[in-house]
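Student:
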Amino acid sequence: YPIEQLIEDSKSYFKETGRRVTFEYTLLAGVNDSVYQARSLGRMLKRAFGSGAHVNVIPWNNVDGINHTRPSGNVIHKFCGALAAEGVNQSIRRTRGLESNA
3 YPIEQLIEDS
13 KSYFKETGRR
23 VTFEYTLLAG
33 VNDSVYQARS
43 LGRMLKRAFG
53 SGAHVNVIPW
63 NNVDGINHTR
73 PSGNVIHKFC
83 GALAAEGVNQ
93 SIRRTRGLES
103 NA
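Here the sequence shown stands for residues 3 to 104, where the numbers follow the numbering used here.
#1: What residue from Asn58, Ser14, Thr19 and Thr97 has the CA that sits closest to Phe25's CA?
#2: Where do the ends of the beta strand (DSSP E) carrying Ala55 lie?
#3: Put Leu30 into one of helix, strand or coil per three-state DSSP.
#4: Along the chain, where does the beta strand (DSSP E) that runs through Ser93 open and close?
#5: Compute the Euclidean distance between the alpha carbons of Leu8 and Glu88, then round it to the nearest angstrom.
#6: Throw me the rounded Cβ distance for the Leu30 and Ile78 pair, which I believe falls under 8 Å.
#7: Do Cys82 and Ala40 have their C-beta atoms within less than 9 Å of each other?
#8: Would a C-beta distance cut-off of 9 Å place His70 and Asn64 closer than the cut-off?
#9: Under 7 Å Cβ to Cβ from Arg72, same chain only, skipping five residues before and after it: list those, please.
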């Protein structure tokens with residue numbers, strides 16, 4: 003699903019309902035977890051929604067046989083700090099199941 007279309011559809015929902023839009027964002031170490039990427043995401047959401055967007059940051063849970071890894075806690079918090087610096091509300095999803103390949 004192209005990000006531009008997702009933003010446009012979400013803006014329509016926001017305008018019609020006035021309800022905050024929550025975006026689920028899975029963090030993958032070294033793939034999409036940089037401060038630069040957080041700031042870019044934050045600017046895009048702030049431009050589209052003002053204070054009407056929220057990002058639920060979901061750190062990747064490691065799974066055997068999958069080449070992605072979980073970012074460190076420090077990286078996760080820096081990512082969220084960069085979103086906050088752009089004026090975007092965020093939360094970190096509490097992790098469950100690290101031991102069970104979940």
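Note that beta-carbon positions come from the ideal geometry of N, C-alpha and C, so glycine has one too.
Tutor: On the basis of the supplied data:
#1: For the purposes of this step, residue 25 is taken as the residue at position 23 of the sequence shown. If we check each option's Cα against that of Phe25, Asn58 comes out closest.
#2: For this step, residue 55 is matched to residue 53 along the sequence shown. Where Ala55 is concerned, the enclosing beta strand (DSSP E) stretches over Ala55 to Pro61.
#3: On the sequence shown, residue 30 is found 28 positions in, with the first residue counted as 1. Here Leu30 sits in coil by DSSP.
#4: Within the sequence shown, numbered from 1, the residue matching residue 93 stands at position 91. Residues Asn91 to Ile94.
#5: The sequence position of residue 8 within the sequence shown is 6, counting from 1. The sequence position of residue 88 within the sequence shown is 86, counting from 1. Going from the Cα of Leu8 to the Cα of Glu88 covers about 20 Å.
#6: The residue given as residue 30 occupies position 28 in the sequence shown. The residue given as residue 78 occupies position 76 in the sequence shown. Not quite, the Cβ-Cβ distance comes to about 11 Å (not below 8 Å), so this is no contact.
#7: Locating residue 82 in the sequence shown gives position 80, where the first residue counts as 1. Locating residue 40 in the sequence shown gives position 38, where the first residue counts as 1. Closer than 9 Å, so yes.
#8: As a first step, residue 70 is located in the sequence shown; it is residue number 68 there, counting from the start. As a first step, residue 64 is located in the sequence shown; it is residue number 62 there, counting from the start. Cβ atoms of His70 and Asn64: closer than 9 Å.
#9: Locating residue 72 in the sequence shown gives position 70, counting from the first residue. Once the five neighbours on either side are set aside, the close Cβ partners of Arg72 are Ala31, Pro61, Trp62, Asn63 and Asn64.
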